[in-house]
Structure formats: structure tokens, C-alpha cells
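>
Shown next as C-alpha cells:
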């Protein structure tokens, strides 16, 4: 994979579906390009907010290829490749490495609960060994509220010790700052990069030695989040943090994925974006209106999105 | 699918792997045939204890075909086909219907937690509509301790009302008898079949109007469980229940899947059976020895298993 490490603001790009629930590649690529043109330094495609686990392995590979073929630099891509089934994780990770992606964001297998760290070590280890490519960079995806299978610090230490060039970092979506702080403390001065799982912790993460954030709401507010990343050492950093936290808190009152799609549909003047795959539900007209009203009150904008979507 | 409904003792047949973690079709088919010859009326292949979610879609289809090609009647098969991704569930369910399976056992999509019943209804509904085959019989798979996504009674009522010929029953693996009792009460006199998720509740389930059990430990103790199913109206029913509950409780002290495989490996004199896919771990020599010692003390046997495995 690419020699340069990713840092800054990454978006788990939302995935567009047609009314019949098939993937909509054209809209998908457009949104990805808009994100990179508007503050994202990279795309953590196929994350939780991308509805990745609602996609088949073949659909993920097709979408990833579409991005690269259409000119999105693979060096800015960190696709999610961790599945319940080892062969699927190996297939997706191998595919990402061959395309030249900067790294992969790897969920633990998430069906069985309460599995021992030994079993999780074996899972990540089998994927790394089977992919067998020195270009591979694995970012671990810690999201216990959803996956219900945590990635502990002792597990990370063990993986780092066994695969020092390969295990590259973590996205901490625990929502628990004390866990992020512990990661920063333990891996200080190492090559292990800590991304906060939300821009609410971006400033704290950068001050603690972290490298950025990978955040759902970077799908709609990448510019303001990026501004904080650029200016985090300046006196206005706390104000910038407060502003993006307010925007996030507003969106977070609603079911996140439906809300993100409703926002892109509204500000991009492109109603087709609202579609989600089951088991998720669309946000619906009433909630969308109130969300947009709240965002308008904050002076929220998505520059050139409609322009981009009308291309 | 087959006109005759399944009832009695079904086993979520364990899946055999080679040392390199590839699926071992020959052992798999042998064990399936042993189960049907020793008390199981059907096989709920690709359940939780089959490590189904550790298999790719292609691997599941290959194993299912191998069973049918090798003479296991499709009318005795209820494969698990519920995945996180709608296209995968549709692919597996269509495949099972085309093979003539008696039904499918369908997990809800289990990545997102806290999803509304509307979203789960839409999930099951999309699969049923897309498969679009009147032979389809769906058994819902309620296993909140693992999937963390429950299937509520109001959701079942809604599905039954919309797809009365198709939604055929449930496996209740909640481990909560009050939930099974509620299912029996609500769906009494309907065509909705209730399977207990463990033989510990088999007698209570049959007395309450249920049709049998689908139980992990039916992989190793099908004969005794089947005996209770045959004799549940006789005076010895409570004694038969007590005996199989004791066997289950003994096994359940250990991690279930590793334990089942260790038992088959030991009593079938076939050490290759112990392999599990990560994130699970093998039971290990020490625990296997103590488990076998405890089972021997109970007079536990697996008739003709070694014979069968040496064929």
C-alpha cells in the first residue's frame, strides 16, 4: 500500500442506492469526489455509516474499483474490509491492497460475542498472513456500541508486536474519550496512529498526539472539520471545535445514516439520496424538514454540492 | 419447498474444517448422515453452532449442494440464510428453495443494533418478495444473546399477516422460557411452529403446543433427545427430560462450539474435527479431557460414530 500515511479528516462515505435498493455507482463516485474536494484527506469507504455490512462482497469490490477507475487516488482510500467470515475479509483486503489503497479499516468478526482476545488475534493474524503483502496497512476498527466486540489494548500490543509494519493504527468509535486517551498514552511515540471516531474529539485527539478523525458527519461537514485540523494549534481552535461539535450534536439527535442521506439529498437538491437498505429506515419527510431547519439556523452549508450533483 | 412441515429434533450441524481452515466436505456430510440416522428429523445447517457466519456465501452453497448430492433429503434441511447484507440473504434463500429445502432459518440482519421493527419487517419482506417463490417457508431465528437483534411478537404478527403461507415458525434461542411461552400462547392454533432453541425446554415446549427443538447439543446427543420427543406423552417423559438436561448442562460449562467438536473428535476417534475458524478457539486438550471424563461419568455415548467416521 502507499508509503505515505493517512491523517486528517476521513469520511466513511455514505453509499447511494437506487429506489430498487441496488447500488448507485454514479452518485457514489460524485459524493466521494465532493468529499475530497471539500476537506477530506481520505475516504474510509465501507464503514458503519457506509452501510458496508449491508453490501455483498462483490458490491463492495465493484464500488471500490469504480472510485479508482474514475480517478479517486487509491492512496486516499481506507476501505473497510473486516467481515464475520475469514474468507470474505481476506478477499476484500487482498483486493484493496492490489488496488493500492492506503490502508484498510478492519472490524473484528462481529457475530460471536464474548470471544477471547486469543480468537481475535487469530482472526486478524489469519487475514494478514493470508493476504501476505508487505504493502498492507491495517487500521483496527474499535466500535463496541455496534460491533459489540471490542478491540482491547493488550490485543493491539500483541498485534503490533507480531506485525509491526502492518498494524498501522485504529479508529476509536467507542464514544468514550478515556479509551482514546488510553490509546494515545500507550502508543505515544510509536508508529500506531490514533483516529478519533468523531470530530467531537478531534481537537483533544490532536493535542494528545492523534492523527485526525474518521467521522460519519464528515460526510456533510468536511470543510469545517478540516479547518480545525489545519488550525488546531491556533488560538481559534477551541471555537472551531465548539462549532463542529454543535453541528454534530444537531445531526446526532436523529438516526445517523438516514440523517446524513437526508442532508445530502436536501443540500444537494437530489432526493434520490435518501434511500437506505433495510434494516435501516429513511429519515422521512417530517424529521428531514426539522433537521434541515435546525441546520439552517446554524448557518450550515454544503458548498457546491448541488452543482456537483447536477454535473 | 416441501409440503410436509418439519418437527422433532433438528441439529444445527457443526461444520468441519481442515487444519488450513478450509471446509471439509467429506467429514461434514458424514456427520450430517450420522445425525439423521441417530435421532434428528432434520438439519438446521448453517446455524450459530455451525459457524455459519464464519463461512462465505459460496462456501455455504457448496456445502448445501454436497449434502443433497450425497443423498441427504432436501425435505429434511432447514439451512440458515439470514445475513447482514440483503443480496446475500436473497442469494442463499433462493438457492435453498431451488434445492427443495423444507425451509430456511433466517437471522435478522445483525450488524446494526437498536433498529426499529419497521426496518426488520422491511428486511424479511424484501427477502421474501425477491425470492418470490410460493415454496419458501421462513423460520425466524430469535437469538438475542448473540445476534443482539431480537424478533418481537408484534413483528412476527405483522409478518404472518402479510405472508401467511410463507412465515412458518420460529427458533427461540433467547434462553428465556417466558418468551417461548408467550410465543406458544400468542400463536396457539395457528400454523406458526415454535421450536425451542435448546432441548432443556423440549418437554415444556411440546406440552405447550410447540413442535420440537433445534439445539446445538443435538449434534452429539440426538438419540436421547429424540427419545423424549417420541415419548413426551408417557410417564417417563420427565425423567427423559432430566437426563438430557443434565448432559446439556455438562457440555454447556464449556464454550459450546469447541466443546461439540471436541466431543465428536473424541467419540468418533477423529481428531481432525476439533478445528474451528477464528474468532473461535479450539477447546484444547485439557478441557477436552475433563469434558469427556464428565460425559463418561454420565454414561454418555455416540453410537456408531467412530464406525461412521471410519467408513
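Chains as they are written, first to last, in my numbering: chain L, 96 to 406; chain X, 96 to 406. Cβ atoms here follow ideal geometry from the backbone N, Cα and C, with glycine treated the same way.
1. Kindly indicate which three-state DSSP category residue 356 of chain X falls into: helix, strand or coil?
2. So who's on the other strand from residue 172 of chain X, going by DSSP bridges?
3. Examine chain X for any beta-carbon lying closer than 8 Å to the beta-carbon of residue 351 of chain L, and answer yes or no.
4. Chain X partners of residue 183 of chain L, CB-CB under 8 Å?
5. Could you tell me whether the region 305-317 of chain X touches the region 118-136 of chain X, using the rule of 3 or more Cβ pairs below 8 Å?
6. Measure the C-alpha to C-alpha separation of residue 389 of chain L and residue 145 of chain L and round it to an integer number of angstroms.
7. Looking at chain X, is there any beta carbon in it that lies within less than 8 Å of the beta carbon of residue 386 of chain L?
8. 8 Å is my cut-off, CB to CB: does residue 179 of chain X come that close to chain L?
9. Using the beta-carbon of each residue, which ones in chain L are nearer than 7 Å to residue 213 of chain X?
10. According to DSSP, is residue 293 of chain X helix, strand or coil?
11. Tell me, to the nearest whole angstrom, how far the beta carbon of residue 362 of chain X is from that of residue 397 of chain X; I am working on the premise that it is less than 8 Å.
12. Here's a check: name, in chain order, each residue in its chain whose Cβ is nearer than 6 Å to the Cβ of residue 262 of chain L, leaving out the five neighbours to either side.
13. Please determine whether the Cβ atom of residue 349 of chain X lies at a distance below 7 Å from any heavy atom of the ligand HEM.
14. For residue 119 of chain X, count neighbouring C-beta atoms within 10 Å of its own C-beta (all shown protein chains included) and say buried if the count is 16 or more, exposed if not.
15. Is DSSP giving residue 400 of chain L helix, strand or coil here?
16. Taking 8 Å as the CB-CB cut-off, is residue 408 of chain L touching chain X?
17. Starting from the beta carbon of residue 148 of chain L, find every residue of chain X whose beta carbon is closer than 7 Å, and list them in chain order.
18. Classify residue 406 of chain X: buried if its beta carbon has 16 or more other beta carbons within 10 angstroms, exposed otherwise.
19. Between the alpha carbons of residue 331 of chain X and residue 325 of chain X, how many angstroms are there, rounded?
20. Measure from the alpha carbon of residue 216 of chain X to the alpha carbon of each residue in L/374, L/148, L/185, L/291, then state which is nearest.
21. Look at residue 290 of chain X and residue 308 of chain X and say whether their C-beta atoms are less than 8 Å apart.
22. Step through the CB atoms of chain L and report whether any lies within less than 8 Å of the CB of residue 233 of chain X.
23. Which parts of the region 200-264 of chain L are runs of the alpha helix (DSSP H), unbroken and 4 residues or longer, counting only runs that do not cross its ends?
24. Where does residue 328 of chain L sit, in a helix, a strand or coil, going by DSSP?
25. For residue 221 of chain L, go through chain X and note every residue whose CB falls closer than 9 Å to its CB, in chain order.
26. Could you have a look at residue 370 of chain X and say whether DSSP puts it in helix, strand or coil?
27. Taking the straight line between their C-alpha atoms, what separation do you get for residue 257 of chain X and residue 303 of chain X?
28. For residue 88 of chain X, name the three-state secondary structure that DSSP assigns.
29. Pick helix, strand or coil for residue 273 of chain X, following the three-state DSSP scheme.
30. Going by CA-CA distance only, name the one from X/295, X/226, X/378, X/225 that's closest to residue 210 of chain L.
31. Distance cutoff 8 Å, beta carbons only. Does residue 257 of chain L sit that close to anything in chain X?
32. Buried or exposed for residue 204 of chain X, going by 16 or more other Cβ atoms inside 10 Å?
33. Opposite residue 307 of chain L in the DSSP bridges: which residues?
34. Residue 150 of chain L and residue 174 of chain L: beta carbons closer than 8 Å?
35. Please work out which residues of its chain come closer than 7 Å, Cβ to Cβ, to residue 212 of chain L, disregarding the five sequence neighbours upstream and downstream, and give them in chain order.
36. Who are the neighbours of residue 154 of chain L on chain X, taking C-beta pairs under 9 Å?
Here's the rundown:
1. On the second chain, position 261 is the one that residue 356 of chain X refers to. Residue 356 of chain X: helix per DSSP, three-state reduction.
2. The count along the second chain starts at 1 and reaches residue 172 of chain X at position 77. Paired residue(s): X/138.
3. In the first chain, counting from the first residue as 1, residue 351 of chain L sits at position 256. With 8 Å as the cut-off, residue 351 of chain L does not count as an interface residue toward chain X.
4. Mapped onto the first chain, residue 183 of chain L falls at position 88. Those are 151, listed as they occur along chain X.
5. yes
6. Indexing the first chain from 1 puts residue 389 of chain L at position 294. Indexing the first chain from 1 puts residue 145 of chain L at position 50. Their backbone Cα atoms lie some 24 Å apart in a straight line.
7. Taking the first chain and counting its residues from 1, the one referred to as residue 386 of chain L is at position 291. Residue 386 of chain L does not count as touching chain X.
8. Here residue 179 of chain X is taken as the residue at index 84 of the second chain, counted from 1. True, the Cβ-Cβ gap to chain L drops below 8 Å.
9. Here the question's residue 213 of chain X lines up with position 118 in the second chain. Correct list: 376.
10. For this step, residue 293 of chain X is matched to residue 198 along the second chain. Coil, per DSSP.
11. Along the second chain, read from residue 1 onward, the residue named residue 362 of chain X stands at position 267. Along the second chain, read from residue 1 onward, the residue named residue 397 of chain X stands at position 302. Residue 362 of chain X to residue 397 of chain X, Cβ: 4 Å. Contact.
12. Residue 262 of chain L sits at position 167 when you count from the first residue of the first chain. So the list reads 233, 254, 255, once near-sequence residues are dropped.
13. Among the ligands in the structure shown, none appear at all, so the ligand HEM cannot be discussed.
14. As a working note, residue 119 of chain X is residue 24 in the second chain. Burial call: buried.
15. Here the question's residue 400 of chain L lines up with position 305 in the first chain. Three-state result, residue 400 of chain L: helix.
16. This structure cannot speak to residue 408 of chain L, because chain L is shown only from 96 to 406.
17. Translated into the one-based positions of the first chain, residue 148 of chain L becomes position 53. What residue 148 of chain L touches in chain X: 179, 180, 206.
18. For the purposes of this step, residue 406 of chain X is taken as the residue at position 311 of the second chain. Low confidence applies here, because residue 406 of chain X scores a pLDDT of 46, under 50, leaving its location unreliable and the question unanswered by this model.
19. Within the second chain, numbered from 1, the residue matching residue 331 of chain X stands at position 236. Within the second chain, numbered from 1, the residue matching residue 325 of chain X stands at position 230. Taking the straight line joining both Cα atoms gives about 11 Å.
20. In the second chain, counting from the first residue as 1, residue 216 of chain X sits at position 121. Comparing Cα-Cα distances from residue 216 of chain X to each of L/374, L/148, L/185, L/291, the minimum goes to L/374.
21. Walking along the second chain from the start, residue 290 of chain X turns up at place 195. Walking along the second chain from the start, residue 308 of chain X turns up at place 213. Contact: yes.
22. Within the second chain, the letter at position 138 stands for residue 233 of chain X. Answer no: the Cβ-Cβ gap between residue 233 of chain X and chain L never drops below 8 Å.
23. 212-226, 239-242, 248-257
24. As a first step, residue 328 of chain L must be located in the first chain, where it is residue number 233. Looking at residue 328 of chain L - three-state DSSP - the assignment turns out to be coil, as it is neither helix nor strand.
25. On the first chain, residue 221 of chain L is found 126 positions in, with the first residue counted as 1. Correct list: 116, 372, 373.
26. Start at 1 with the first residue of the second chain, and residue 370 of chain X comes out as number 275. Of the three classes helix, strand and coil, the one that applies to residue 370 of chain X here is coil, per DSSP.
27. As a first step, residue 257 of chain X must be located in the second chain, where it is residue number 162. As a first step, residue 303 of chain X must be located in the second chain, where it is residue number 208. About 26 Å.
28. Only positions 96 to 406 of chain X appear in the structure, and residue 88 of chain X is not among them; the question remains open.
29. Counting from one through the second chain, the residue named residue 273 of chain X turns up at place 178. Residue state, collapsed to three classes: helix.
30. Along the first chain, one-based indexing puts residue 210 of chain L at 115. For residue 210 of chain L, the nearest C-alpha among the options comes from X/378.
31. The residue given as residue 257 of chain L occupies position 162 in the first chain. Taking Cβ atoms only, chain X never reaches closer than 8 Å to residue 257 of chain L, which makes this a no.
32. Start at 1 with the first residue of the second chain, and residue 204 of chain X comes out as number 109. Counting Cβ neighbours within 10 Å, residue 204 of chain X comes out buried, since at least 16 surround it.
33. Here residue 307 of chain L refers to the residue found at position 212 of the first chain. Beta-bridge pairing links residue 307 of chain L to L/103, L/290.
34. Within the first chain, numbered from 1, the residue matching residue 150 of chain L stands at position 55. Within the first chain, numbered from 1, the residue matching residue 174 of chain L stands at position 79. Cβ atoms of residue 150 of chain L and residue 174 of chain L: not closer than 8 Å.
35. Counted from its first residue, the first chain places residue 212 of chain L at position 117. Contacts found: 247, 249, 250.
36. Sequence index remark: in the first chain, residue 154 of chain L carries index 59 (1-based). Neighbours of residue 154 of chain L on chain X, chain order: 180, 182.
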